[in-house]
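Report on the following structure.
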Amino acid sequence: MPASSLSRSPDARGSGIPGILWVPAGIALAFLVLPVVSLLVQAPWRTLGQVVVGSDVGQSLALSLGAGAAATVVSIVFGVPLAWVLARSTGWNPAIRRLLRAFVTVPLVLPPVVGGIALVLLLGRTGLIGQFLYRWFDFTIPFTTPAVIISESFVAMPFLVLSVEGALRGADRRYEDAAATLGASRWMIFRRVTLPLVAPGILAGAVLSFARALGEFGATITFAGDFPGVTRTMPIAAYIALETDPGAAYVIAVILLLVSVAVLFLLRDRWIGGLTS
Amino acid sequence: MSGLHASFTVERPAFTLTIDLEVGTSTVTAVVGPNGSGKTTTLMALAGLIRPTSGHIRLGERTLDDDTRYVSAAHRGAGVVFQDYLLFPHLSAVENVAFGLIARGTHRAVALDAARRWLARLDLENFAAVRPGQLSGGQAQRVALARALILEPELLLLDEPMAALDASTRTEVRRDLITELRAYNGSTVLVTHDPTDALALADELIVLDAGSVVQRGIPAQVAATPANDYVAGLFEHAGA
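Pasting the structure below:
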């Protein structure tokens, strides 16, 4: 870059932003940033470690991380093959493919509470499937830790499916051709060629799914309820604590914020990096 | 009967390719033509990556493709060097070369040993652990060649082997490729839009235009007695 560009912008158009737009733009930025700043300023930093170790917060954190990780694994194990079908079913009837995509996208736009109610109606004691589980195996899912994992998977899996599907569409299929001419079976091509090629997409989808699972509140409290140590995840604990022990709620909020920042950091090339290119 | 015997038609909505090829062992046939003439389609059909609409492809005693039989790319065993080489970006050079052996059930350690010997033969032993992104165009081409030849294919297919190289390295890489192709005793089909490559590398030339063969013969002969203006133009600047 020539030295003159420091004092003279090569782009004679400038930013082209009308002066009047600076005010709403500034308000929007403040609106997004100030709540987070308040949280950081007001958080009880000195007692943070104490609260995590010495109260139910630690228990909630462990449950949240465990259930979030489990939901992410569920999303990967079932979501990657579904993404495959969506990306590669190009020979199918377009109407069927659109319908499939709509089904995958619904949990993204559905209010989580509705998702929770739907899960109750499917897996609850009188649900479509749940009634048989109860009748035949005397087994009910709601209000258990598996219910937390199911709720979180329901809201998180679409992120993984769409991320992996995008990666698959972008992957050069000729690498698969090359592998085929070398004698590789479909399974080997999948495992040794395509999967590594779309690994960044899987990772991004997994991080997004984990973040979404960790913050999940509505579907979880509807389908799994609020039982300390069993279904009381961090967001639920924060909501409950706000009435009884605000300090603990702030601590939980800070921890969730830190996790979000970590997610943003992991995905920085994908989201923030797009600005510079 | 040995070598490649192929005669087939590939029909596409706006395009029909009809070609016949007889390529003996230790022989290089170059298919030359402009973009869209059907060169790559020819190669993909020979590799088993697309199926011709009609016709046959035989290699030695084996029928790879006719009305009743179709051998898929994975079982066909044609060695292919793709236009931009398509080395697997997540595998090292030696793992790329060993890929086909491992795919065929060779023990991993044995396959990697054999791959290292191939790299040494092509003066690439110091690049065994390097990812394809770090290789020069000429090195990548040799790795791609090793990846195909390690399986000892009866048929070797080269798609624009020089297109991904810059002009400064082309002469040297072409010379190395000539050496390798001389040492190879199977049948080679090479497609290129560059008549210079065709003249340097091929024993026989097939000129393809708009999906049809317009001329075939020994390269120097084709260049000397072009069948039409298109072929004449092709060799005008080739320095033959």
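Top line first, the protein sequences correspond to chains A and B. Heads up: the first sequence runs through residues 67 to 343, numbered per this note's numbering. Heads up: the second sequence runs through residues 2 to 241, numbered per this note's numbering. Virtual Cβ for every residue (Gly too), placed ideally from N, Cα, C. These numbers come from a predicted model, not from an experiment.
Taking Cβ to Cβ, would you say residue i is nearer than 8 Å to residue j?
| i | j | result |
| --- | --- | --- |
| Gly25 of chain B | His194 of chain B | no |
| Asp22 of chain B | Val232 of chain B | Sequence inspection shows Leu at residue 22 of chain B; the Asp mentioned does not correspond to that position. For Leu22 of chain B and Val232 of chain B, no; Cβs fall outside 8 Å. |
| Leu88 of chain B | Val144 of chain B | yes |
| Val221 of chain A | Pro173 of chain A | yes |
| Phe205 of chain A | Gly291 of chain A | no |
| Val214 of chain A | Thr299 of chain A | yes |
| Ala49 of chain B | Leu156 of chain B | Residue identity differs from the one stated: residue 49 of chain B is Gly in this sequence, not Ala. Their beta carbons are not under 8 Å apart, which means Gly49 of chain B does not touch Leu156 of chain B by this criterion. |
| Leu322 of chain A | Leu280 of chain A | yes |
| Ala199 of chain B | Leu136 of chain B | no |
| Ala1 of chain B | Val72 of chain B | Here chain B comprises residues numbered 2 to 241, so residue 1 of chain B is not present and cannot be evaluated. |
| Leu105 of chain A | Val320 of chain A | yes |
| Phe134 of chain B | Pro90 of chain B | Note on residue identity: the sequence assigns Gly, not Phe, to residue 134 of chain B. Cβ distance < 8 Å, so Gly134 of chain B and Pro90 of chain B count as in contact. |
| Ser325 of chain B | Leu5 of chain B | Only positions 2 to 241 of chain B appear in this structure, which leaves residue 325 of chain B out of reach. |
| Leu209 of chain B | Val32 of chain B | yes |
| Thr247 of chain A | Ala74 of chain B | yes |
| Ala168 of chain B | Val98 of chain B | no |
| Ala137 of chain A | Ser275 of chain A | yes |
| Gly218 of chain B | Leu235 of chain B | no |
| Ala266 of chain A | Ala233 of chain A | As written in the sequence, residue 266 of chain A is Pro, which differs from the Ala given in the question. Result yes, Cβ atoms of Pro266 of chain A and Ala233 of chain A sit closer than 8 Å. |
| Thr41 of chain B | Val192 of chain B | yes |
| Phe16 of chain B | Ala46 of chain B | no |
| Leu153 of chain A | Arg235 of chain A | The residue you asked about is not Leu; residue 153 of chain A is Ala in the sequence shown. Yes. |
| Ala304 of chain A | Thr211 of chain A | no |
| Val404 of chain A | Ala237 of chain A | What the structure shows of chain A is the stretch from 67 to 343, and residue 404 of chain A is not part of that stretch, so it cannot be assessed. |
| Pro154 of chain B | Gly61 of chain B | no |
Can you tell me whether residue i is buried or exposed? The criterion is at least 16 other CB atoms within 10 Å of its CB, across all chains shown.
| i | result |
| --- | --- |
| Gln142 of chain B | buried |
| Ser343 of chain A | Low per-residue confidence applies at Ser343 of chain A: pLDDT is 35, beneath 50, and the placement is therefore not dependable enough to give any value. |
| Gln216 of chain B | buried |
| Gln116 of chain A | exposed |
| Gly240 of chain B | Because Gly240 of chain B sits at a pLDDT of 49, beneath the cut-off of 50, its placement in the model cannot be relied upon, and the following sentence gives the value as read from the coordinates. So Gly240 of chain B ends up on the exposed side. |
| Val119 of chain A | exposed |
| Thr297 of chain A | buried |
| Ser71 of chain A | Summary for Ser71 of chain A: the model assigns pLDDT 45, below 50, so the residue's position carries little reliability, and this model does not support an answer. |
| Arg258 of chain A | buried |
| Leu87 of chain A | exposed |
| Asp66 of chain B | buried |
| Arg70 of chain B | exposed |
| Asn229 of chain B | exposed |
| Gly196 of chain A | buried |
| Met67 of chain A | Because Met67 of chain A sits at a pLDDT of 42, beneath the cut-off of 50, its placement in the model cannot be relied upon, and the following sentence gives the value as read from the coordinates. So Met67 of chain A ends up on the exposed side. |
| Ser130 of chain A | buried |
| Gly193 of chain A | buried |
| Ala126 of chain A | Strictly speaking, residue 126 of chain A in this sequence is Ser, with Ala absent from that position. Its Cβ being crowded by 16 or more others within 10 Å, Ser126 of chain A is buried. |
| Phe100 of chain B | buried |
| Thr226 of chain B | exposed |
| Ser38 of chain B | buried |
| Arg118 of chain B | exposed |
| Leu18 of chain B | buried |
| Val103 of chain A | exposed |
| Ala221 of chain B | exposed |
| Arg79 of chain A | exposed |
Am I right that residue i and residue j are in contact with their C-beta atoms under 8 Å? What's the rounded C-beta distance?
| i | j | result |
| --- | --- | --- |
| Pro286 of chain A | Glu218 of chain A | The residue you asked about is not Pro; residue 286 of chain A is Thr in the sequence shown. Confirmed, Cβ separation roughly 7 Å. |
| Ala149 of chain B | Val223 of chain B | The Cβ separation is near 27 Å, so there is no contact. |
| Gly145 of chain A | Val89 of chain A | Not really, about 43 Å apart at Cβ, beyond 8 Å. |
| Leu166 of chain B | Gly139 of chain B | 6 Å |
| Gly284 of chain A | Gly182 of chain A | 6 Å |
| Val123 of chain A | Ile318 of chain A | 6 Å |
| Ile151 of chain B | Ala184 of chain B | Actually they are not in contact, since the Cβ atoms of Ile151 of chain B and Ala184 of chain B sit about 14 Å apart, beyond 8 Å. |
| Pro110 of chain A | Tyr316 of chain A | 6 Å |
| Ile179 of chain B | Ala201 of chain B | 7 Å |
Return the residues of the region 230-244 of chain A that lie within a Cβ-Cβ distance of less than 8 Å from chain B, sorted by chain order. Asp238, Arg240, Tyr241, Asp243, Ala244
**Asked** Is there contact here, the region 266-273 of chain A with the region 174-192 of chain A, by at least three beta-carbon pairs under 8 Å?
**Response** no
Note to self: For the region 47-55 of chain B against the region 93-113 of chain B, do three or more pairs of beta-carbon atoms, one drawn from each stretch, fall closer than 8 Å, so that the two count as touching?
What the structure shows: The way I'd put it, the region 47-55 of chain B doesn't touch the region 93-113 of chain B; fewer than three beta-carbon pairs between them come closer than 8 Å.
Note to self: For the region 152-166 of chain B against the region 123-135 of chain B, do three or more pairs of beta-carbon atoms, one drawn from each stretch, fall closer than 8 Å, so that the two count as touching?
What the structure shows: no
Worksheet item: Along the region 176-191 of chain A, what residues have a CB closer than 8 Å to any CB found in chain B?
Response: none
Answer yes if the region 130-141 of chain A comes into contact with the region 216-232 of chain A, meaning at least three C-beta pairs across the two stretches below 8 Å, and no otherwise.
-> yes
For the region 250-272 of chain A, which residues have a beta carbon sitting closer than 9 Å to at least one beta carbon of chain B? Ala250, Ser251, Arg252, Met254, Ile255, Arg258, Val259, Pro262, Leu263, Ala265
Listed in chain order, which residues of the region 15-45 of chain B have Cβ atoms closer than 7 Å to some Cβ of chain A? none
Is it a yes or a no for the region 305-321 of chain A touching the region 196-203 of chain A, going by three-plus beta-carbon pairs under 8 Å? no
Q | Near-chain A residues of the region 96-112 of chain B (beta-carbon distance less than 7 Å), N- to C-terminal order | A | Phe100, Gly101, Ala104, Arg105
To be precise: take each residue of the region 122-135 of chain B, compare its Cβ to all Cβ atoms of chain A, and keep it if any distance is under 7 Å. Which residues remain? none
Quiz item: Going along the region 76-87 of chain B in order, which residues come within less than 8 Å of chain A, judged by CB to CB distance?
Solution: His76, Arg77, Gly78, Ala79, Gly80, Val81, Phe83, Leu87
Within 9 Å of chain B by C-beta, residues of the region 108-128 of chain A in sequence order:
For the region 108-128 of chain A, no residue has a beta-carbon sitting nearer than 9 Å to a beta-carbon of chain B.
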